Amino acid sequence: MSFGRGRGQLSRGLVIGLAHEADAAVAAAAGTTSATAGAGFGRGLTEFGRGATAAAAASASAADVPSPPASADAAAAPDAKPPPAKFGPTFVPFGRGAPRPRLEGTGDSAPAAPSAPAPAAPVAAAATGFARGFGRGLTPALSTAAAAGSAAPPSEAMNRLSVQQSPRQEVPADANAGPARRPARRPQVQRVGPSDQRGTAGESISLCTNFLRVEGAEHTVVYQYNITLNPHVDSRMMRDRLVLGIQDEEFQRVTGRVVSGNCLYTNRPLVRDSVVYEVASGGMRVAVQLQLVGQAALSSLPSVYNMIFRSVQARMDLVQVRRNYFNPMLAEKVSGMEVWPGYITSASQVDGGLRLMVESSCRVVRTQTVYELFQCLGYRLDAMNDALLESTVVTRYNNRFSRVDQIDMSKDCTSTFERCGRQVSYIDYYRQQYRLEIQDPHQPLLISRVKPTRGSDGRLIEQPPKCLVPELCYVTGITDEMRRDFRLMRDLSKFTKLSPDRRIVELRKFVQAINNRPECRQLLDAWGLRLLEDPEVVPARRFVNERVLFGGGGNRGALVPVSVGQTSEFKRALADNRVLIDGKLLKWLVVYPAREERTIASFCETMMKKCRAMGITVAQPSTVALPNDSTGNYQQAIKNNFSTDLNLVCAVFTSQRQERYNAIKRLCCNDLVVPSQCLWTKTISDPKKMGSVAVNVAAQINVKLGGALWGIEIPYQRFMMIGIDVYHEDKLRSRSVTGVVASVDQSCTRWYSRVAFQRRGEEILNSMRVILHSQLVRYVNNVGSLPETIFVYRDGVSDKQIADVQQKEVRAVYEAISSFVAQDYRPRLVFLVVQKRINQRLLLQRGTGYTNALPGTVLDHTITRPDMMDFFLVPQHVNQGTVTPGHFIIVECSGGVPVDEIQQLTFRSCHLYYNWAGSIRVPAPCQYAHKLVYMVGQNTKDEPAEAICDRLFYL
9 MSFGRGRGQL SRGLVIGLAH EADAAVAAAA GTTSATAGAG FGRGLTEFGR
59 GATAAAAASA SAADVPSPPA SADAAAAPDA KPPPAKFGPT FVPFGRGAPR
109 PRLEGTGDSA PAAPSAPAPA APVAAAATGF ARGFGRGLTP ALSTAAAAGS
159 AAPPSEAMNR LSVQQSPRQE VPADANAGPA RRPARRPQVQ RVGPSDQRGT
209 AGESISLCTN FLRVEGAEHT VVYQYNITLN PHVDSRMMRD RLVLGIQDEE
259 FQRVTGRVVS GNCLYTNRPL VRDSVVYEVA SGGMRVAVQL QLVGQAALSS
309 LPSVYNMIFR SVQARMDLVQ VRRNYFNPML AEKVSGMEVW PGYITSASQV
359 DGGLRLMVES SCRVVRTQTV YELFQCLGYR LDAMNDALLE STVVTRYNNR
409 FSRVDQIDMS KDCTSTFERC GRQVSYIDYY RQQYRLEIQD PHQPLLISRV
459 KPTRGSDGRL IEQPPKCLVP ELCYVTGITD EMRRDFRLMR DLSKFTKLSP
509 DRRIVELRKF VQAINNRPEC RQLLDAWGLR LLEDPEVVPA RRFVNERVLF
559 GGGGNRGALV PVSVGQTSEF KRALADNRVL IDGKLLKWLV VYPAREERTI
609 ASFCETMMKK CRAMGITVAQ PSTVALPNDS TGNYQQAIKN NFSTDLNLVC
659 AVFTSQRQER YNAIKRLCCN DLVVPSQCLW TKTISDPKKM GSVAVNVAAQ
709 INVKLGGALW GIEIPYQRFM MIGIDVYHED KLRSRSVTGV VASVDQSCTR
759 WYSRVAFQRR GEEILNSMRV ILHSQLVRYV NNVGSLPETI FVYRDGVSDK
809 QIADVQQKEV RAVYEAISSF VAQDYRPRLV FLVVQKRINQ RLLLQRGTGY
859 TNALPGTVLD HTITRPDMMD FFLVPQHVNQ GTVTPGHFII VECSGGVPVD
909 EIQQLTFRSC HLYYNWAGSI RVPAPCQYAH KLVYMVGQNT KDEPAEAICD
959 RLFYL
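Count along the sequence shown from 1, then add 8; that gives the number in this note's numbering.
Here you go:
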């Protein structure tokens, strides 16, 4: 179970058996207030303070709650296309109408628990049932006894500000009320593959992780209360202070209190199910109403653990920035910027039990305000737009980050907006709400668009944009100009790239800071939690003796195996060995500014020598000297010298200009259909580095011509590897580019790449089906038969999207396979989701210190997810900081492919990226797909010609 967003619900499910057990719950309560008295106080009933009211039934029956259909087939959409009849998985329907797992020992429902703390074992048995409907979208089924304990209309209670005597009255029954609307549920990920996900291949090692063991809380119960303030308070920080600052004696006795959004979570029930407290804030009296929603076992709600540990960090005087916490008081100043140290924490149930992941992090904030930036730019709108649009700013009065979408020169701080039914200026708003005085009332406002929210009917509801005051906003992040500053980046790397030893030190400091603060220990003790000090140490494995295969020649044989070593890098081997497949550079054109003629001649001569040493056939190029480096001159020269037998266009630039680069790529990839290579004179003009640069350029050109540099050992006959990635063209994601790159030969050295465009909200199933079919046809043309084993690596997927990928994209693969019905084609399919932006760390202990885990290290237990088949893999070697492992989630595994083969082949595929002589962070087809969609989305803006798609033209 997990918390959702909005009003802080604990689960998206429904308490199916709540109405069935209503009468039994009244009898069991024996006159006491039921814990479900507030179960209807969710989105479907009353929203206090907002004028929306609804009635709950005084006597509920089983007919009031829609029951799930008898079979999963009844929930399937009538127009949904079923999976192949003979081959592929059986796709279980999710969402409305999907069958639910039965609760162990209780059937499909759970009995209502009393509001008073019950014995540990019965509460734990019943809490799981409540967790399914805890929060938004609960069934509005209240028994008569429960209704008698409900709150009065909130407007009366708020106006009277009654703290000691919260009025109560019966909630009238609504005779016309229909069955409760069941909210749409996010699809769940199905575990696939063998029951035992642990491999055995490789060398046994011991790893240290950044996970801490959390003990206790087996019998702790969570109570959720909705919070309503009158008058309304916008500042979330102030709302939290008001709720946690309630001085009522009974309230203070509940030591386990955490606030998240508009919800309060406690470890004990309050004195009443609905209670109103009065709090004084800055000379203003605020009424805080708390209404019970429900209860559940803490052990079944991992999201509550995260709320508890976030509350612990708040008591450590850390500042919350989104979901993470940082310490501005310990900020380090670096060249006009501040680096805030902090932590990223995440509590979750993993295979080893409840663990807290702690990762050291930092936030870079510039000390310059947007108002000061505008003054430096002279208030020129074009310069202001270039410097600020689509960047992120932070408002330090609430430590919130916002993206700037527009600079509105027509509004200033004297402009007004409607708040609580009256017009308020921005000057007055910040004075009243945050006690801030704006110095310049005539400065323009920044506009930040808010993402639309989804209503109860599933439709998107547009939200009004936020208006920010430049004087109160600070610029964040690092610009491209800053990244080109070597000294600045070197100074920042001291904080952004921590060594393994430093990370362990920071992790221990985090635990010590908690243990040294009584208020932090008190909160953990109230919830029955204990945090162990030592990080988790687990057994793991490492693949050793991996090799890549270069081309032979002479007396060396057909193939030359080269060991990748402990660092999985083989730069020297690339220059000393022959390529696997010669791309044959027979006719090529070099276009360059006339003033760089000597540099170009020297570089071309060096590169041709390197090409011959690497086994690449090369001829003398045709050269065209340009009077200047304008974009039009480059385009005209290429068109005038183009011929159908031209192998390559090489354009040499004296400066980096994005529009010129885009124009050359569009011309070559879309119009002339010829590979292109762009060079910068600064890169090729240094005589000391010219040799190594020439090797890299020669390798890139060979690949763009259809050649291959090296290969890997593949344990399968007729094997195919596919990579999928998606690029979003702008921040609003109005259009996306999906790239699919597949190997079309047995040795995975020839690739066929295709892209497809989708508008916002458009599915990629149809385009994926067509692309995958064309790639299978291309494989047959090259090999002579269809592949027997297919590995698909899908990049760019968040946790929320994994289930959609499993249900939709895996189905698209099977439908493309099923198009070869005449051949009764049934290959083995392994579909993996690749996550590279993660916070888990794997460290190798050496004596008393720690180092990075070596490439090939794999961990498939303890910190993996219990509901998925996944593993962590360290694919590469890093020289600075701490290596980040890759997280691989297997969402489809048919044909009985062993786990060891999946893990080892995944590691080997990280060595097939021809732009780097070594292993990379993700499997090569994923990186190829990323490079493809980035070039199409960022540079060419159009689908490349099909004739060039059988080469890696985008490297």
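Ideal placement from N, C-alpha and C gives every residue a C-beta, glycine not left out. Values in this document were obtained by computation on a predicted structure and should not be read as measured data.
Requested in this report: State the beta-bridge partners of H736 as determined by DSSP.
Outcome: Position 728 of the sequence shown holds residue 736. According to DSSP, which records beta bridges pairwise, H736 is partnered with S744.
Query raised in the report: Short check: CB of L298 to CB of T228, under 8 Å?
Result: Translated into positions along the sequence shown, residue 298 becomes position 290. Translated into positions along the sequence shown, residue 228 becomes position 220. The answer is no: Cβ separation not under 8 Å.
**Report entry** Straight-line gap, C957 to L389 (C-alpha atoms, nearest Å)
**Finding:** Counting from 1 along the sequence shown, the entry for residue 957 is found at position 949. Counting from 1 along the sequence shown, the entry for residue 389 is found at position 381. If you draw a straight line from the Cα of C957 to the Cα of L389, it comes to about 42 Å.
Query raised in the report: Nearest to Y438 by alpha carbon, out of E426, R430, C421 and D733?
Result: Taking the sequence shown and counting its residues from 1, one reaches residue 438 at position 430. Per the Cα distances, C421.
Report task. Please say whether V402 and V373 have beta carbons closer to each other than 8 Å? Result -> Indexing the sequence shown from 1 puts residue 373 at position 365. Indexing the sequence shown from 1 puts residue 402 at position 394. Pairing V373 with V402 gives a Cβ-Cβ distance under 8 Å.
Query raised in the report: Can we say the segment 318 to 325 touches the segment 543 to 562, given the rule of at least three CB pairs closer than 8 Å?
Result: No: the two stretches stay apart, fewer than three of their Cβ pairs being nearer than 8 Å.
Requested in this report: Give the DSSP-derived three-state secondary structure of S638 in the structure shown.
Outcome: Numbered from its first residue, the sequence shown carries residue 638 at position 630. Of the three classes helix, strand and coil, the one that applies to S638 here is coil, per DSSP.
Query - Same chain, Cβ closer than 6 Å to E223, five either side skipped, listed in chain order - result: In the sequence shown, residue 223 corresponds to position 215, counting from 1. Excluding sequence positions up to five before and after E223, its CB lies within less than 6 Å of the CB of R538, all in the same chain and listed in chain order.
Query raised in the report: Taking the beta strand (DSSP E) that C370 falls in, what are its first and last residues?
Result: On the sequence shown, residue 370 is found 362 positions in, with the first residue counted as 1. Under the DSSP assignment, C370 falls in the beta strand (DSSP E) whose first and last residues are G361 to T377.
Report task. Kindly indicate which three-state DSSP category A65 falls into: helix, strand or coil? Result -> In the sequence shown, the residue the question calls residue 65 occupies position 57. Because the pLDDT at A65 is just 35, under 50, the model does not fix this residue reliably, and the value given afterwards should be weighed accordingly. Residue state for A65 is assigned as strand, using DSSP reduced to three classes.
Query raised in the report: Looking only at DSSP bridge pairs, what is A893 linked to?
Result: One-based indexing of the sequence shown puts residue 893 at position 885. Rather than Ala, the amino acid found at residue 893 in this sequence is Pro. Answer is none; P893 lacks a bridge partner.
Query raised in the report: For R491, is the classification buried or exposed, using 16 other Cβ atoms within 10 angstroms of its Cβ as the cut-off for buried?
Result: As a position in the sequence shown, residue 491 is number 483, starting the count at 1. So R491 ends up on the exposed side.
Query raised in the report: If we ignore side chains and look at the alpha-carbon of each, how far apart do E527 and M245 end up?
Result: Translated into the one-based positions of the sequence shown, residue 527 becomes position 519. Translated into the one-based positions of the sequence shown, residue 245 becomes position 237. If you take the alpha carbons of E527 and M245, they lie about 19 Å apart.
Report task. Please work out which residues of its chain come closer than 7 Å, Cβ to Cβ, to N649, disregarding the five sequence neighbours upstream and downstream, and give them in chain order. Result -> As a position in the sequence shown, residue 649 is number 641, starting the count at 1. Setting aside the 5 residues that flank it on each side, N649 is surrounded in the same chain by L597, S630 and V632, each with a C-beta closer than 7 Å to its C-beta; the list follows chain order.
Requested in this report: Use the C-beta contact count for R265: other C-beta atoms within 10 angstroms, 16 or more gives buried, fewer gives exposed.
Outcome: Within the sequence shown, the letter at position 257 stands for residue 265. R265 counts as buried, since at least 16 other C-beta atoms from the protein chains shown sit within 10 angstroms of its C-beta.
Requested in this report: Tell whether a beta-carbon distance below 8 Å holds between H938 and D733.
Outcome: On the sequence shown, position 930 is the one that residue 938 refers to. On the sequence shown, position 725 is the one that residue 733 refers to. Yes. Within cutoff.
Requested in this report: Could you tell me whether any non-hydrogen atom of the ligand HEM is closer than 7 Å to the CB of S369?
Outcome: No copy of the ligand HEM occurs in the structure displayed, which carries no ligand at all.
Query raised in the report: What are the uninterrupted segments assigned as alpha helix (DSSP H) that are 4 or more residues long and contained completely in the segment 570 to 608, given in chain order?
Result: Those alpha helix (DSSP H) runs which fall completely within the segment 570 to 608 and span 4+ residues are 579 to 584.
Query raised in the report: Taking the alpha helix (DSSP H) that I213 falls in, what are its first and last residues?
Result: Position 205 of the sequence shown holds residue 213. Following the DSSP letters along the chain, one finds I213 in no alpha helix (DSSP H) but inside the beta strand (DSSP E) bounded by residues E211 to G224.
**Report entry** R467 to R580 span [Cα, whole Å]
**Finding:** For the purposes of this step, residue 467 is taken as the residue at position 459 of the sequence shown. For the purposes of this step, residue 580 is taken as the residue at position 572 of the sequence shown. Near 58 Å, if we compare the C-alpha coordinates of R580 and R467.
Query raised in the report: Is it buried or exposed for C677, if we count other Cβ within 10 angstroms and need 16 for buried?
Result: Indexing the sequence shown from 1 puts residue 677 at position 669. C677 should be labelled buried.
Requested in this report: Find out if the Cβ-Cβ distance for the pair Y787, P795 is shorter than 8 Å.
Outcome: One-based indexing of the sequence shown puts residue 787 at position 779. One-based indexing of the sequence shown puts residue 795 at position 787. Contact: yes.
Requested in this report: Take L963 and list the residues in its own chain whose beta-carbon comes closer than 7 Å to its own, dropping the five residues that flank it on each side.
Outcome: For this step, residue 963 is matched to residue 955 along the sequence shown. Scanning its chain for C-beta atoms nearer than 7 Å, with the 5 sequence neighbours on each side dropped, one finds around L963 the residues Q708, V711, K712, Y922, N923 and K939, in chain order.
Query raised in the report: Is it the case that the Cβ atoms of Q232 and V283 are separated by a distance below 8 Å?
Result: The sequence position of residue 232 within the sequence shown is 224, counting from 1. The sequence position of residue 283 within the sequence shown is 275, counting from 1. In this structure, V283 does not lie closer than 8 Å to Q232 by Cβ.
Query raised in the report: Do the segment 854 to 866 and the segment 207 to 222 make contact, defined as three or more Cβ pairs closer than 8 Å?
Result: Look at the beta carbons and you see the segment 854 to 866 touching the segment 207 to 222: at least three pairs across the two are nearer than 8 Å.
Query raised in the report: What number of angstroms, rounded off, separates the C-alpha of E6 from the C-alpha of A288?
Result: Since the first residue shown for the chain is 9 and the last is 963, residue 6 is missing from the structure and cannot be characterised.
Report task. Compare the C-alpha of Y936 against each of P683, C918, D542 and L654 and name the closest. Result -> Start at 1 with the first residue of the sequence shown, and residue 936 comes out as number 928. Nearest C-alpha to Y936: C918.
Requested in this report: Just the C-alpha distance for S268 and V312, rounded to the nearest angstrom, thanks.
Outcome: Indexing the sequence shown from 1 puts residue 268 at position 260. Indexing the sequence shown from 1 puts residue 312 at position 304. Distance between the alpha carbons of S268 and V312 is about 9 Å.
**Report entry** Opening and closing residue of the alpha helix (DSSP H) in which Q888 lies
**Finding:** Start at 1 with the first residue of the sequence shown, and residue 888 comes out as number 880. That residue, Q888, is in no alpha helix (DSSP H); it is neither H nor E in DSSP.
Query raised in the report: Got a sec, what are the start and stop residues for the alpha helix (DSSP H) P933 sits in?
Result: Position 925 of the sequence shown, counted from the first residue, corresponds to residue 933. Unbroken alpha helix (DSSP H) run through P933: A932 to M943.
Query raised in the report: When burial is assigned at 16 or more other CB atoms within 10 Å of the CB, is V378 buried or exposed?
Result: Start at 1 with the first residue of the sequence shown, and residue 378 comes out as number 370. That one is buried.
Query raised in the report: Thinking just about the alpha-carbon of each residue, which of M776, V705, T797 and M698 is nearest to the one in C901?
Result: By 1-based counting over the sequence shown, the position of residue 901 is 893. Answer by Cα proximity: T797.
Query - Exposure of F727, with buried meaning 16 or more beta-carbon neighbours within 10 Å - result: Numbered from its first residue, the sequence shown carries residue 727 at position 719. With 16 or more other Cβ atoms from the protein chains shown falling within 10 Å of its own Cβ, F727 counts as buried.
Query raised in the report: What residue range is occupied by the uninterrupted alpha helix (DSSP H) comprising K341?
Result: Here residue 341 refers to the residue found at position 333 of the sequence shown. Not the alpha helix (DSSP H): K341 falls in the beta strand (DSSP E), residues E340 to V342.
**Report entry** Collapsed DSSP secondary structure at T662 in the structure displayed
**Finding:** Within the sequence shown, the letter at position 654 stands for residue 662. Here DSSP, grouped into helix, strand and coil, assigns T662 to coil.
Requested in this report: Would you mind working out which of M698, R777, V882 and L252 sits nearest K816, comparing C-alpha positions?
Outcome: Indexing the sequence shown from 1 puts residue 816 at position 808. Nearest C-alpha to K816: R777.
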